[in-house]
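Heads up, the sequence shown is in numbering that gives the first Met the number 0, so the first residue is 0 and it goes up one at a time. Ideal placement from N, C-alpha and C gives every residue a C-beta, glycine not left out.
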Amino acid sequence: MDRLLLTLLVVAFFALAVYGMWRGWRRQARTQSVRIPPFPELPENLGEPTLTADGLYVATTNAGHWQERVVTRGVGMRGPAVLRLYEQGVHVDRAGAVGIWIPRSSIVDVKPGKGMAGKVMGTESLLVFTWSVGDVELDTGFRGDDHGDYPQWINEVKGGAQV
């Protein structure tokens, strides 16, 4: 009987911890949805992409604060994605989640990075887009399967935008 009681206590504690994390995530999303304006919609007639890269969408954070993950509007979860560069901007096409459209006019900077929101690498294996939505600046990180493409991405994005 003691073993059963102890097991139930551990399970209840675990369930309470998971519930607390879920509530905290939801509260953070509500707070951020007030501070961060809605993200731009994906335009309809984009044409063919200039560059494409397969990889992993890592996170979107507040610019310059690589641990402050943005969780509002469905951008909080890491997952497989395809990064596409168009003349009008960059599309982060996330598998099973809402994509992120970054218009060229809102791109502030693009550079390689070492870490973002719980994903830290020893080398600069992230491609980080700093962009603005309204008057809020965000960093969106992408870890491509081929890191050798990063210089080409940086040159193409900086060459076509006022970065």
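### Task
Could you check what DSSP says for ASP1 in three-state terms: helix, strand or coil?
Locating residue 1 in the sequence shown gives position 2, where the first residue counts as 1. The answer is helix: DSSP assigns ASP1 an H, G or I state.
### Task
Check each candidate in ALA28, GLU123 and LEU84 and name the one with the smallest Cα separation from GLU47.
Reading the sequence shown from its first residue, position 48 is the one you call residue 47. With respect to the C-alpha of GLU47, the residue from ALA28, GLU123 and LEU84 having the closest C-alpha is LEU84.
### Task
Starting from the Cα of GLY147, find the closest Cα among LEU125, VAL135 and SER131 and give me that residue.
Residue 147 sits at position 148 when you count from the first residue of the sequence shown. If we check each option's Cα against that of GLY147, LEU125 comes out closest.
### Validate contact between the segment 67-82 and the segment 22-29 using beta carbons, cut 8 Å, 3 pairs
Because the criterion of three Cβ pairs below 8 Å is met, the segment 67-82 and the segment 22-29 touch.
### Query
Considering only C-alpha positions, which residue in the set TYR56, PRO102 and ARG103 is nearest to ARG93?
Your numbering for residue 93 matches position 94 in the sequence shown. Here the closest residue by C-alpha is TYR56.
### Query
Which term fits LEU5, buried or exposed, when burial requires 16 or more other beta carbons within 10 angstroms of its beta carbon?
Locating residue 5 in the sequence shown gives position 6, where the first residue counts as 1. LEU5 counts as exposed, since fewer than 16 other beta carbons sit within 10 angstroms of its beta carbon.
### Query
How would you call HIS90, buried or exposed, if buried means at least 16 neighbouring beta carbons within 10 angstroms?
As a position in the sequence shown, residue 90 is number 91, starting the count at 1. Result: buried.
### Task
Flag this pair as touching only if the segment 137-151 and the segment 52-66 have three or more C-beta atom pairs under 8 Å; answer yes or no.
With the rule of 3 Cβ pairs closer than 8 Å, the segment 137-151 counts as touching the segment 52-66.
#### Entry: Closest by C-alpha distance to ARG77, when choosing among ALA116, LEU8, PRO39 and TYR149
Here the question's residue 77 lines up with position 78 in the sequence shown. Minimum Cα distance to ARG77 is reached at ALA116.
### Length at least 3, wholly inside the segment 54-121: the beta strand (DSSP E) runs in chain order
Within the segment 54-121, the complete beta strand (DSSP E) runs of at least 3 residues are 78-84, 88-93, 99-102 and 106-112.
### Query
Does the distance from the C-beta atom of TRP65 to that of SER105 stay below 7 Å?
The residue labelled residue 65 in the question sits at position 66 within the sequence shown. The residue labelled residue 105 in the question sits at position 106 within the sequence shown. In this structure, TRP65 keeps its C-beta atom at 7 Å or more from the C-beta atom of SER105.
### Message
Could you tell me the alpha carbon to alpha carbon distance between PHE13 and TRP100, rounded to whole angstroms?
### Response
Locating residue 13 in the sequence shown gives position 14, where the first residue counts as 1. Locating residue 100 in the sequence shown gives position 101, where the first residue counts as 1. Each residue's alpha carbon lies about 37 Å from the other.
### Task
Report yes if the CB atom of GLU155 is closer than 7 Å to the CB atom of LEU50, and no otherwise.
Here residue 155 corresponds to residue number 156 of the sequence shown, with the count starting at 1. Here residue 50 corresponds to residue number 51 of the sequence shown, with the count starting at 1. Cβ atoms of GLU155 and LEU50: closer than 7 Å.
### Query
Applying the criterion that 16 or more other CB atoms from any shown protein chain within 10 Å of the CB defines a buried residue, is GLN161 buried or exposed?
Position 162 of the sequence shown, counted from the start, is the residue given in the question as residue 161. Confidence at GLN161 is low in this model, with a pLDDT of 47, below 50, so the placement of that residue should be treated as unreliable; the coordinate-derived value is given next. The residue in question, GLN161, is exposed, as its Cβ has fewer than 16 Cβ neighbours within 10 Å.
### Query
With 16 other CB atoms within 10 Å as the buried threshold, where does TYR18 fall?
Here residue 18 is taken as the residue at index 19 of the sequence shown, counted from 1. Looking at its Cβ environment, which holds fewer than 16 other Cβ atoms inside 10 Å, TYR18 is exposed.
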